[in-house]
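>
Numbering (our numbering), first residue to last: 530 to 776.
Next comes the structure, spelled out in structure tokens:
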């Protein structure tokens with residue numbers, strides 16, 4: 530497992546810039562959480578990271594560090610869950626990818642994340658960017674396109690550049706749509722209970738179809754009151770109590 534705390538400075542600065550007036554206070558809490566981790570006080574470190582999340586702080590590196598902490602504690606379920614959450618923010622991070630694979634190998638079921646859908650495969654580059662990055666890219670391309678359009682009125686030779694920028698702009702908009710659909714269709718969740726029975730219906734006395742164990746990855750397809758419908762594939766799906774799953 531790769532530790533990855535070398536990213537802390539970048540994480541802290543990025544987070545600090547994006548925070549409101551309480552930024553300095555949150556930054557102190559981040560430093561404290563990392564110090565606790567360095568001192569091998571993993572339970573207290575996890576509590577400190579969780580407290581930041583409870584306050585509304587969202588960052589890929591926050592989830593990543595929390596996942597590292599849970600791995601050290603031997604809690605594979607929360608570790609896998611936070612690595613999966615981190616991937617939505619920092620999808621290109623190689624340390625994160627390596628640690629997620631390591632965590633999955635520590636689980637009993639060893640279930641890998643589902644393969645990307647058809648659209649995500651066609652728009653493969655969208656998998657390497659988070660949603661915010663794609664939006665910023667579209668905004669930037671939109672600005673450059675309109676500048677090129679204005680210049681084209683005076684310099685007709687810029688027609689090729691204008692057309693190319695327009696194509697890239699369309700691709701960026703399609704990529705945002707693909708990303709939104711992918712995150713909507715593939716709602717990954719993680720089993721947090723030591724063992725959970727997948728039921729044929731929304732009742733404790735329903736038939737048990739199969740069992741999963743802590744850290745298993747599933748896709749949430751439906752929900753009803755205190756139950757979630759989850760699936761591994763087209764043939765293996767059923768209902769589980771909501772409190773046994775993290776997502």
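No residue lacks a Cβ here, since even glycine has one placed at the ideal position from N, Cα and C.
1) How big is the Cα-Cα spacing for residue 663 and residue 681?
2) Among residues of its own chain, excluding the 5 on either side of residue 773, which ones have a beta-carbon nearer than 8 Å to its beta-carbon?
3) Classify residue 657: buried if its beta carbon has 16 or more other beta carbons within 10 angstroms, exposed otherwise.
4) Just the Cα atoms here: how many angstroms apart are residue 687 and residue 701?
5) For the segment 562 to 597, which segments carrying the alpha helix (DSSP H) assignment without a break, of at least 4 residues, lie completely within its bounds, in sequence order?
6) To which residues does DSSP link residue 756 through a beta bridge?
7) Would you call the segment 631 to 647 and the segment 733 to 753 in contact, with 3 or more CB pairs under 8 Å?
8) Over what stretch of residues does the beta strand (DSSP E) that includes residue 737 continue unbroken?
9) Which residue or residues does DSSP assign as beta-bridge partners of residue 748?
10) Can you give, in chain order, each stretch of the alpha helix (DSSP H) that sits fully within the segment 650 to 700 and has at least 4 residues?
11) Measure the alpha-carbon distance for residue 705 versus residue 659 and round it to whole angstroms.
12) Sort out for me which residues DSSP pairs residue 728 with in a bridge.
13) Report yes or no: do the segment 566 to 580 and the segment 594 to 603 share at least 3 C-beta pairs separated by less than 8 Å?
14) Whose C-beta lies closer than 6 Å to the C-beta of residue 546 among residues of the same chain, with five residues either side of it excluded?
15) How long is the line joining the alpha carbons of residue 758 and residue 643, rounded to whole angstroms?
16) Among 593, 677, 645, 646, which has the Cα closest to the Cα of residue 626?
17) Name the two residues that bound the continuous alpha helix (DSSP H) containing residue 608.
18) Would residue 715 and residue 695 qualify as a contact pair, given that the criterion is a beta-carbon distance under 8 Å?
19) Quick one: is residue 613 buried, meaning 16 or more other Cβ sit within 10 Å of its Cβ, or exposed?
20) How big is the Cα-Cα spacing for residue 769 and residue 752?
Let me spell this out:
1) 26 Å
2) 720, 721, 722, 725
3) exposed
4) 21 Å
5) 571 to 583
6) 753, 770
7) yes
8) 737 to 742
9) 717, 760
10) 660 to 681
11) 9 Å
12) 737, 768
13) yes
14) Low local confidence applies: a pLDDT of 46 at residue 546 is under 50, so the model's placement there is unreliable, and no value is given.
15) 16 Å
16) 593
17) 605 to 616
18) no
19) buried
20) 10 Å
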